[in-house]
Amino acid sequence: MSTASLRARYIGDTVTTASPQRLLVMLYDRLALDLERAGTALSAGDREEAGKQLQHAQEIVLELRSSLQVDAWEGGPRLAALYTWLIGELVQANVKADRNRVTSCLQVVEPLRDAWRQAAASLAATPA
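Just so we're aligned, residue 19 is where the sequence shown starts under our numbering, counting upward by one.
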């Protein structure tokens with residue numbers, strides 16, 4: 019088996035066996051990475067790469083939005099509205115090659131990612 023095949027299998031196994039909380043953190047980690055990459059690509063004038071990264075970021079936000087149980091907690095409707103805003107900003111960032119919008123999205127995503135990571139760690143540390 020090649021190194022690439024082994025890596026793909028490891029990643030697949032990691033995702034398959036991850037808890038829902040860990041999967042959420044993984045999605046946020048990848049969303050932040052996509053935004054960082056898009057910003058870098060826009061700075062370098064590479065609209066094609068920026069577009070790929072922004073489209074992947076949009077897919078992640080759409081997945082987060084579709085899996086959100088809005089009525090499960092008090093903050094659900096606000097988080098749903100935030101996801102809707104993010105999708106709109108990501109589309110506009112892509113259409114207009116707007117690095118400032120990408121930066122604004124990243125400034126929203128990073129604290130959310132950190133909060134979800136902390137919540138997942140707290141939950142993992144709680145005895146069953």
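Even for Gly, the Cβ is constructed at its ideal location relative to N, Cα and C.
Backbone secondary structure at residue i - three-state DSSP
i, result
"PRO145", "coil"
"ALA139", "helix"
"ASP132", "helix"
"ALA115", "coil"
Continuous alpha helix (DSSP H) stretch holding residue i: start and end
i, result
"ASP52", "38-61"
"LEU86", "Per DSSP, LEU86 belongs to no alpha helix (DSSP H) and is neither H nor E."
"GLY93", "That residue, GLY93, is in no alpha helix (DSSP H); it is neither H nor E in DSSP."
CB of residue i within 7 Å of CB of residue j, strictly
i, j, result
"ALA111", "LEU72", "yes"
"ASP47", "HIS74", "no"
"LEU45", "VAL79", "no"
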